[in-house]
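Asker:
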Amino acid sequence: MEQSPLAIYQAHLDKGELAYQWSPEAGRAVFYPRLVCPYSGSTALEWRIASGLGTVYATTVTHPQQGAPYNVALIDCDEGFRLMSRVEDIDPMNVRIGLRVRFRTHKPVKSKDGGEEPAYPVFVPAEDGR
Amino acid sequence: MTGPINSGLRRGGAAIVGAAESDLGHVADGLNPIDLMAQGIARAVEDAGLKLRDIDGLLCATTQSRTSGLNLSEYLGISPRFIDTTILGGSSFMFHVAHAVAALQLGLCEIASIAYGSTQRSVGRRQASVREINPFETPYRPFLPSTAYALAASRHMHEFGTTREQMAEVAVAARQWALLNPAAWEKKPLTVQEVLNARMVSYPFTVRDICLVTDGGGAIILTSPERARSLKKPPVYVLGCGQEITHANISSMPDLTVTGAASSGREAYAMAGLAAKDIDVVELYDAFTINTILFLEDLGFCAKGEGGQFVTGGRIAPGGALPVNTNGGGLSYCHPGMYGLFLLIEAVRQLRGECGARQVKDAATAIAHGNGGVLSSQSTVILGTQATV
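Chains D and Y, in that order, give the protein sequences. Its first residue numbered 2, the first sequence is counted upward by one per residue in the numbering used here. Its first residue numbered 203, the second sequence is counted upward by one per residue in the numbering used here.
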């Protein structure tokens with residue numbers, strides 16, 4: 002094993018791509034990335050790049066003790082996998098279930114200890130809704 | 203799952219003969235989780251009319267000790283023949299009941315004790331239950347477990363029109379029960395409006411939709427039906443057990459409106475030969491108000507989607523048609539982090555008729571349903587009096 006599933010996923014994100022795995026044996030998408038398909042038991046998992054379009058499946062607004070409330074959502078991507086994420090560029094209370102959203106990469110930011118936090122996927126409302 | 207997992211377990215194959223809480227709420231400075239387990243066991247052994255040395259099966263779980271089975275055995279000066287420290291979140295103790303029944307049936311032990319202890323209020327939640335980093339969830343700063351349950355609530359509201367007011371009714375009913383329980387943490391009445399107006403934590407939940415953060419622990423003692431009938435208190439028989447695991451993280455839960463309780467309940471009812479309509483006392487793991495609604499649906503007390511409507515009008519409050527969470531629940535009585543054991547303790551006391559002002563009249567059957575993780579592990583135990591065996 003030269004590269005972990007997480008490292009491959011992260012490398013795609015760094016290029017602005019949302020990658021997921023496809024299980025030929027199960028005939029369905031697998032997410033989060035892993036070594037063994039949870040639907041078939043197969044270790045033959047292929048990497049694919051998602052279109053980046055999805056639909057809000059569930060949503061909440063978390064209110065921290067300090068700072069502004071923020072959205073946490075579960076997004077159903079069009080390719081048939083779900084992930085936790087955040088919908089940005091919209092009032093968190095206006096993030097509705099069923100809202101069509103489009104992926105973008107949240108750029109790495111410097112963390113307190115001087116290191117870089119990895120990039121991660123967030124979503125914004127999809128303008129044309131398709 | 204296909205086929206009954208617990209098909210080897212005998213209905214009424216074991217009985218609970220002792221049950222006790224440790225100190226609850228905010229315990230004395232310096233007490234640790236093993237202290238509270240030991241205190242609970244000492245009290246439960248006394249309740250059963252047994253001696254500590256009689257225990258030869260030990261089952262326990264806590265987030266604050268990696269080897270709680272070793273620590274507790276050393277503390278008590280025992281070397282159990284059977285030991286099980288399965289930990290799957292707050293439902294762990296219902297899993298322990300099934301494991302204890304199996305061990306007793308197989309003769310792996312004769313007197314089994316299930317124990318729990320937590321000092322999460324004293325030491326702080328962060329200290330008591332360290333969160334694991336998940337690269338696919340942690341970046342979004344979910345406030346776990348609240349955020350996960352709020353996501354489930356959002357889906358229930360979307361699909362079935364469940365309202366914040368209906369969820370608040372769950373908290374109000376729990377509070378009314380708590381006011382009848384001298385051991386409960388909360389001592390003042392609560393209204394729907396107060397729940398709605400409380401500090402927002404993770405929409406749609408205010409702090410009053412969310413369980414308490416207390417210390418606490420306790421223990422129950424199980425043995426064979428034959429041995430049980432020779433002891434101090436009326437035996438409470440294990441009529442049915444069922445369990446289901448659907449995911450670990452909320453982003454992997456298949457359907458946020460249907461929990462594994464649907465399967466665990468089916469399993470437990472099948473073993474018990476009972477249905478929801480046959481249950482006199484209902485004890486459900488209410489870490490959040492949506493839980494009670496989800497489990498009432500999934501355990502067959504009402505149809506899927508009707509839980510919100512079902513809990514209105516005081517139906518699950520004292521004097522209502524269905525007694526639910528008669529100790530005041532995790533919402534108003536006690537919640538040290540893994541609450542499941544307290545559901546079993548309360549069910550046992552109800553079936554013995556020991557509950558005073560909150561006693562459900564002529565209770566012969568009870569369901570104690572445990573939930574763990576973020577709706578992840580579900581385990582159902584159905585209990586009954588001698589008359590039900």
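We put the CB at the ideal spot given by N, CA and C, even for glycine.
DSSP three-state call for Pro122 of chain D: helix, strand or coil?
Answerer: Correct three-state label for Pro122 of chain D: strand.
Asker: Of all the alpha helix (DSSP H) runs that stay within the bounds of the region 532-576 of chain Y, which reach a length of 4 or more residues?
Answerer: Whole alpha helix (DSSP H) segments, 4+ residues: 542-554.
Asker: Within the region 221-270 of chain Y, note down every full alpha helix (DSSP H) run reaching 4 residues or more, in order along the chain.
Answerer: List check, alpha helix (DSSP H) in window: 235-250.
Asker: Would a C-beta distance cut-off of 8 Å place Tyr342 of chain Y and Arg105 of chain D closer than the cut-off?
Answerer: Cβ distance not < 8 Å, so Tyr342 of chain Y and Arg105 of chain D don't count as in contact.
Asker: Using a Cβ-Cβ cut-off of 8 Å, state whether Pro344 of chain Y counts as contacting chain D.
Answerer: With 8 Å as the cut-off, Pro344 of chain Y counts as an interface residue toward chain D.
Asker: With a threshold of 16 other CB atoms inside 10 Å of the CB of Glu128 of chain D, please say whether the residue is buried or exposed.
Answerer: Classification of Glu128 of chain D: exposed, given that the 10 Å Cβ count is below 16.
Asker: Can you name, in chain order, every residue of its own chain whose Cβ lies under 6 Å from the Cβ of Ile423 of chain Y, other than the five neighbours on each side?
Answerer: For Ile423 of chain Y, where only same-chain residues beyond five positions count, the Cβ hits under 6 Å are Val219, Gly220, Ala246, Ala250 and Ser315.
Asker: Which runs of the beta strand (DSSP E) fall wholly inside the region 376-420 of chain Y and span at least 3 residues, in chain order?
Answerer: If we require 3 residues or more, the beta strand (DSSP E) runs fully inside the region 376-420 of chain Y come out as 402-404.
Asker: Strictly under 8 Å for the Cβ-Cβ distance: is Gly17 of chain D near chain Y by that measure?
Answerer: Taking Cβ atoms only, chain Y never reaches closer than 8 Å to Gly17 of chain D, which makes this a no.
Asker: Where are the beta strand (DSSP E) runs, 3 residues long or more, that stay fully inside the region 8-33 of chain D, in chain order?
Answerer: Here the runs fully enclosed are 20-24 and 29-31.
Asker: If the cut is a Cβ gap below 7 Å, which residues of chain D does Ala352 of chain Y touch?
Answerer: Neighbours of Ala352 of chain Y on chain D, chain order: Thr61.
Asker: Which chain D residues sit within Cβ distance under 7 Å of Glu339 of chain Y?
Answerer: Those within 7 Å of Glu339 of chain Y in chain D are Met85.
Asker: Output yes if chain Y places a C-beta closer than 8 Å to the C-beta of His64 of chain D; else output no.
Answerer: Closer than 8 Å: yes.
Asker: Judging by CA-CA distance, which residue of D:Gly55, D:Arg83, D:Ala74 and D:Pro70 is the nearest neighbour of Gln22 of chain D?
Answerer: If we check each option's Cα against that of Gln22 of chain D, D:Arg83 comes out closest.
Asker: Given Thr514 of chain Y, which residues of its chain have a CB within under 7 Å of its CB, disregarding the five upstream and five downstream residues?
Answerer: Gln368 and Glu371, listed in sequence order.
Asker: Rounded to a whole number of angstroms, what is the C-alpha to C-alpha distance between Ile335 of chain Y and Val37 of chain D?
Answerer: Computed Cα separation, rounded: 21 Å.
Asker: Quick check: is the beta carbon of Pro109 of chain D nearer than 8 Å to any beta carbon in chain Y?
Answerer: So no, Pro109 of chain D is outside the interface.
Asker: What runs of the beta strand (DSSP E), each 3 residues or longer, lie entirely inside the region 467-540 of chain Y?
Answerer: Listed in chain order, the complete beta strand (DSSP E) runs (minimum 3 residues) inside the region 467-540 of chain Y are 483-486.
Asker: How is the alpha helix (DSSP H) around Met296 of chain Y delimited, first residue to last?
Answerer: Run containing Met296 of chain Y: Ser294 to Gln307, per the alpha helix (DSSP H) assignment.
Asker: Do the CB positions of Ala559 of chain Y and Leu382 of chain Y come within less than 8 Å of each other?
Answerer: Their beta carbons are under 8 Å apart, which means Ala559 of chain Y touches Leu382 of chain Y by this criterion.
Asker: Got a sec: is the Cβ-Cβ distance from Tyr33 of chain D to anything in chain Y below 8 Å?
Answerer: Output row for Tyr33 of chain D: interface = yes.
Asker: So Met369 of chain Y contacts chain D; which residues on that side make the cut at Cβ distance below 8 Å?
Answerer: Residues of chain D passing the Cβ test: none, with the nearest at roughly 13 Å.
Asker: Does the Cβ of Gln241 of chain Y have 16 or more other Cβ atoms within 10 Å, making it buried, or fewer, making it exposed?
Answerer: Burial call: buried.
Asker: Looking at His360 of chain Y and Ile492 of chain Y, is the spacing between their C-beta atoms short of 8 Å?
Answerer: Taking 8 Å as the Cβ cut-off, Ile492 of chain Y and His360 of chain Y do not qualify as a contacting pair.
Asker: Determine the contact status of Gly502 of chain Y and Ser293 of chain Y, defining contact as a CB-CB distance below 8 Å.
Answerer: Contact: no.
Asker: Looking at C-beta atoms only, is the number of pairs between the region 68-80 of chain D and the region 107-117 of chain D that lie closer than 8 Å three or more?
Answerer: Contact between the region 68-80 of chain D and the region 107-117 of chain D is absent, because fewer than three Cβ pairs lie under 8 Å.
Asker: List the residues of chain Y that Leu75 of chain D touches, going by C-beta distances under 7 Å, in chain order.
Answerer: By Cβ distance, chain Y contributes Leu353 and Ser453.
Asker: Residue range of the alpha helix (DSSP H) that Met359 of chain Y falls in?
Answerer: Element bounds for Met359 of chain Y: Ser348 to Phe362.
Asker: Please classify Val409 of chain Y: is it buried, with 16 or more other beta-carbons within 10 angstroms of its beta-carbon, or exposed?
Answerer: Per the 10 Å Cβ criterion, exposed.
Asker: For Ile76 of chain D, name the three-state secondary structure that DSSP assigns.
Answerer: Ile76 of chain D: strand per DSSP, three-state reduction.
Asker: What's the C-alpha gap between Arg592 of chain Y and Leu310 of chain Y?
Answerer: Limits of chain Y in this structure are 203 at one end and 591 at the other, which puts residue 592 of chain Y out of reach.
Asker: In the region 318-350 of chain Y, which residue ranges form an unbroken alpha helix (DSSP H) of at least 4 residues, counting only runs that do not cross its ends?
Answerer: Listed in chain order, they are 322-325 and 327-330.
Asker: What is the DSSP secondary structure of Thr587 of chain Y, reduced to helix, strand or coil?
Answerer: Thr587 of chain Y: coil per DSSP, three-state reduction.
Asker: Short of 8 Å Cβ to Cβ, which residues in the region 376-403 of chain Y face chain D?
Answerer: Residues passing the 8 Å Cβ filter: Arg401, Met402 and Val403.
Asker: May I ask which residues mark the beginning and end of the alpha helix (DSSP H) holding Ala430 of chain Y?
Answerer: From DSSP, the alpha helix (DSSP H) with Ala430 of chain Y extends over Pro427 to Ala430.
Asker: Cβ of Leu458 of chain Y less than 8 Å from any chain D Cβ?
Answerer: By this cut-off, Leu458 of chain Y is an interface position.
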